[in-house]
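In the working numbering, the protein residues as written are 3 to 82.
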Amino acid sequence: MNDDKFALPIHWNDYEDIAMSLYEKFGDDFNEQKIYRIRFTELLDWVLSLPNFKGTREESNEGHLEQIQTAWVYEWRDNQ
């Protein structure tokens, strides 16, 4: 995602959009093993700081974070 003011907002169930944004932010700094070892508290902070992300900390749950991790791994694999 970019910082375009016309970009659509991202919410907790937009797993693929979040994963693409995280991949764009971190690139290959995180491989599959490292992505699955990220603490949920850290991942939560990263997601909340993404441009156009409109969800809140209170709306998050473990299921969302697991889905984001999995989507991020697939995004990483697609770019290898």
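Ideal placement from N, C-alpha and C gives every residue a C-beta, glycine not left out.
Using a 10 Å radius around the Cβ and a threshold of 16 neighbouring Cβ atoms, would you call residue i buried or exposed?
| i | result |
| --- | --- |
| F8 | exposed |
| Y17 | buried |
| E26 | exposed |
| L10 | exposed |
If you reduce the DSSP assignment to three classes, tell me which class residue i lands in.
| i | result |
| --- | --- |
| F55 | strand |
| I12 | strand |
| R79 | helix |
| S62 | coil |
| I40 | coil |
| F28 | helix |
Since residue i contacts residue j with CB under 8 Å, what's their CB separation in whole angstroms?
| i | j | result |
| --- | --- | --- |
| L46 | S62 | 6 Å |
Can you check which of these residues, the options, is closest to residue i by C-alpha distance?
| i | options | result |
| --- | --- | --- |
| R79 | K36, N15 and P11 | K36 |
| I70 | P11, S23 and L10 | S23 |
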